[in-house]
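Each residue of the sequence shown is one higher than the one before, starting from 1 at the first, in this note's numbering.
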Amino acid sequence: MSDAAVAPSGVGHGRRFATVDELPLEILLSFVTPLIPKCSPPSPVWQMRPEYEATRIAKYRHKLRTFMELARVSRAFKAAVEYCLYTTVVIFHDTDVANLAEALQRHGSRVRILVYDATLRDFPDQENHLDRYSDLNRCLAAMPNLHTLKVVGSHILFMPDHLRASWQTVQPEFPNFPLPSCLLPPIRVLRWKCQSKAFHYDKQLLHAISLLSSSLEELSVDDWNTSPELISTISKPLPRLKTLQLVGGDISLKALSSLLDLAITTDEFGEKQTSLKTVVLWDRRDDEGVGRERAAKHLLASHPPTPVYLNYTVLPMLTTLAPTKENPREVHPPRRRRVHRAIGF
Numbered sequence: 001m002s003d004a005a006v007a008p009s010g011v012g013h014g015r016r017f018a019t020v021d022e023l024p025l026e027i028l029l030s031f032v033t034p035l036i037p038k039c040s041p042p043s044p045v046w047q048m049r050p051e052y053e054a055t056r057i058a059k060y061r062h063k064l065r066t067f068m069e070l071a072r073v074s075r076a077f078k079a080a081v082e083y084c085l086y087t088t089v090v091i092f093h094d095t096d097v098a099n100l101a102e103a104l105q106r107h108g109s110r111v112r113i114l115v116y117d118a119t120l121r122d123f124p125d126q127e128n129h130l131d132r133y134s135d136l137n138r139c140l141a142a143m144p145n146l147h148t149l150k151v152v153g154s155h156i157l158f159m160p161d162h163l164r165a166s167w168q169t170v171q172p173e174f175p176n177f178p179l180p181s182c183l184l185p186p187i188r189v190l191r192w193k194c195q196s197k198a199f200h201y202d203k204q205l206l207h208a209i210s211l212l213s214s215s216l217e218e219l220s221v222d223d224w225n226t227s228p229e230l231i232s233t234i235s236k237p238l239p240r241l242k243t244l245q246l247v248g249g250d251i252s253l254k255a256l257s258s259l260l261d262l263a264i265t266t267d268e269f270g271e272k273q274t275s276l277k278t279v280v281l282w283d284r285r286d287d288e289g290v291g292r293e294r295a296a297k298h299l300l301a302s303h304p305p306t307p308v309y310l311n312y313t314v315l316p317m318l319t320t321l322a323p324t325k326e327n328p329r330e331v332h333p334p335r336r337r338r339v340h341r342a343i344g345f
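Below is the structure:
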């Protein structure tokens, strides 16, 4: 496409046509937005292979560079491309966060979604040193309108103070400050993909839930291995939580019950209340079959003060299941949401 004139419908002969550069940004976005490359999710933890992840990231970046070529079409297309690029920001293990932090000083207010993909590495090494973590904090501080955070395989982000201190005893180059150090804007959606089979690695997730608890409306966790004892370390309730989605992992019904407790609050009159509307379980433990589904339904029917819909699916097959007893309306498992409008530097 070039700067050729565009004829609005019904314009007669002799009238000046509008050029591409004169079109409103909203119209250009309708052309540009569908072309934004999608950031593919990483493999499940038990299938994780570094060479596959490196290829996944390289393919995404190649598609992103191709998309950025649209900025050369015209000044108007450049504005539309820049707008889309900063709607969602993707940070990989080798992202130049110093350069990104400078760019976000100009464009940070556009960011609505942040994807922190540390699938390959985020511990200190030759490429991940103290300056990198300082620059990462600068990035986080420059996103005042951020409302969705997706974290993949991170150990550094949201690491509790005591865990960070223990790492510093064996790895002196470990950052001595928290990430994030700044107060984040109200995060409404937290999607976290665990990349370790060990139970102790979910302390970062538990700490993140505690810090973001007052504003969280949707919590989605993939491959989470946890226990009631670990969930009890979440220090604050989840008064606004509407949707809880757990995909795979090893989560007992007792652990699920502990999570549900966090979504229940007591008002000034002593009445229990909750904002929770939907619980989605994508279970890999198909050997337990219908028994686990029935037990989960019973837990939801008797636990919260108001009825909660249950979508239960055995992965990888997708099935439609009945809702809870109190709500006979048919419920369908939601489609997995795709990451869109993404940029990885």
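Don't be surprised by glycine CBs; every beta carbon is placed ideally from N, CA and C.
Practice item. Compare the beta carbon distance of Asp202 and Asn225 with 9 Å and say whether it is the shorter of the two. Key: Cβ atoms of Asp202 and Asn225: closer than 9 Å.
Review point. Beta carbon of Leu216, beta carbon of Leu253: below 9 Å?
Key: Cβ atoms of Leu216 and Leu253: not closer than 9 Å.
Check your understanding: Can you name, in chain order, every residue of its own chain whose Cβ lies under 7 Å from the Cβ of Tyr52, other than the five neighbours on each side?
Key -> In the same chain as Tyr52, and ignoring 5 residues on each side of it, the C-beta atoms closer than 7 Å to its own belong to Ser43, in chain order.
Check your understanding: From this set, Leu276, Phe77, Ile156 and Asn145, which residue's C-alpha is nearest Leu136's C-alpha?
Key -> Of Leu276, Phe77, Ile156 and Asn145, the residue nearest in Cα terms is Ile156.
**Study point:** Rounded separation between Trp282 and Thr243 - CA only
**Key:** Taking the straight line joining both Cα atoms gives about 14 Å.
Exercise for review: Counting only the same chain and skipping the five closest in sequence on each side, list residues whose C-beta sits under 6 Å from that of Ala208.
Suggested key: Result list for Ala208: Phe158, in chain order.
Practice item. Give the secondary structure of Thr19 by DSSP, where H, G and I count as helix, E and B as strand, and everything else as coil. Key: Three-state result, Thr19: coil.
Check your understanding: Which ranges does the alpha helix (DSSP H) cover as unbroken runs of at least 4 residues, wholly within the segment 91-159, from first to last along the chain?
Key -> Counting whole runs of 4 or more residues, the segment 91-159 contains the alpha helix (DSSP H) stretches 97-107 and 130-141.
Point to revise | Other residues of its chain near Leu25: CB distance less than 8 Å, five sequence neighbours each side excluded | key: For Leu25, where only same-chain residues beyond five positions count, the Cβ hits under 8 Å are Ala76, Ala79, Ala80 and Tyr83.
Practice item. Just tell me which of Trp167, Leu300, Ser275 and Thr265 has its CA closest to the CA of Ala255. Key: Taking Ala255 as reference, the option from Trp167, Leu300, Ser275 and Thr265 with the minimal CA-CA separation is Leu300.
Review point. For Thr233, which residues from the same chain have a beta carbon less than 6 Å from its beta carbon, with the 5 sequence-adjacent residues on both sides left out?
Key: Here Thr233 has Leu206 as same chain residues with Cβ atoms under 6 Å from its own Cβ, once five neighbours each way along the sequence are excluded.
Exercise for review: Within the same chain, show all residues whose beta-carbon is closer than 7 Å to that of Trp167, passing over the 5 residues directly before and after it, in chain order.
Suggested key: Sequence-distant partners of Trp167 (beyond 5 residues in either direction) whose C-beta falls short of 7 Å from its own C-beta, in its chain, are Phe174.
Practice item. In the DSSP assignment, find the unbroken alpha helix (DSSP H) run with Val170 in it and report its ends. Key: First-last of the alpha helix (DSSP H) with Val170: Asp161 to Val170.
Exercise for review: Mark Phe123 as exposed unless 16 or more other C-beta atoms lie within 10 angstroms of its C-beta, in which case mark it buried.
Suggested key: Exposed, because fewer than 16 other Cβ atoms sit within 10 Å of the Cβ of Phe123.
Practice item. Please look up how many angstroms separate the CB atoms of Val308 and Leu262, rounded, as I've assumed it's under 8 Å. Key: The beta carbons of Val308 and Leu262 sit about 14 Å from each other, so the pair does not count as a contact at 8 Å.
Exercise for review: Could you round the C-beta distance between Ile113 and Thr66 to whole angstroms and report it? I think they count as a contact, below 8 Å.
Suggested key: The beta carbons of Ile113 and Thr66 sit about 21 Å from each other, so the pair does not count as a contact at 8 Å.
Practice item. Grab the span of the alpha helix (DSSP H) containing Tyr83 for me, first residue to last. Key: From DSSP, the alpha helix (DSSP H) with Tyr83 extends over Arg75 to Leu85.
Point to revise | Local conformation of Lys272 per DSSP, three classes | key: Strand at Lys272.
Review point. Under a Cβ-count criterion, where at least 16 other Cβ atoms within 10 Å of its own Cβ denotes burial, should Asp267 be classed as buried or exposed?
Key: Label assigned to Asp267: exposed.
Review point. Looking at the structure shown, is Gln204 part of a helix, part of a strand, or coil, going by DSSP?
Key: Correct three-state label for Gln204: helix.
Practice item. Please say whether Gln204 and Leu163 have beta carbons closer to each other than 9 Å? Key: With respect to the 9 Å criterion, Leu163 and Gln204 are classified as neighbours on the basis of their beta carbons.
**Study point:** Buried versus exposed, by CB contacts within 10 Å (16 or more), Lys346
**Key:** Absent from the structure is residue 346, since the part of the chain shown begins at 1 and ends at 345.
Point to revise | Delimiting residues of the alpha helix (DSSP H) encompassing Glu53 | key: Its alpha helix (DSSP H) spans residues Pro50 to Met68.
Practice item. Can you check the segment 233-260 for any beta strand (DSSP E) of at least 3 residues that lies completely inside it and give the ranges in chain order? Key: For the segment 233-260, whole beta strand (DSSP E) runs of length 3 or above, ordered along the chain, are 243-247.
Review point. DSSP on Leu28, reduced to helix/strand/coil?
Key: Here Leu28 sits in helix by DSSP.
Review point. Does DSSP put Ile36 in a helix, in a strand, or in coil?
Key: Note: Ile36 maps to coil in three-state DSSP.
Review point. How long is the line joining the alpha carbons of Pro185 and Thr278, rounded to whole angstroms?
Key: Pro185 and Thr278: Cα-Cα distance of roughly 25 Å.
Exercise for review: Please say whether Tyr133 and Gly108 have beta carbons closer to each other than 9 Å?
Suggested key: It is not a contact, given that the beta carbons lie outside the stated cut-off.
Review point. Over what stretch of residues does the alpha helix (DSSP H) that includes Glu218 continue unbroken?
Key: Run containing Glu218: none in the alpha helix (DSSP H); it sits in the beta strand (DSSP E), Glu218 to Asp222.
Point to revise | Reduced DSSP category for Ile209 - H, G, I as helix; E, B as strand; rest coil | key: Note: Ile209 maps to helix in three-state DSSP.
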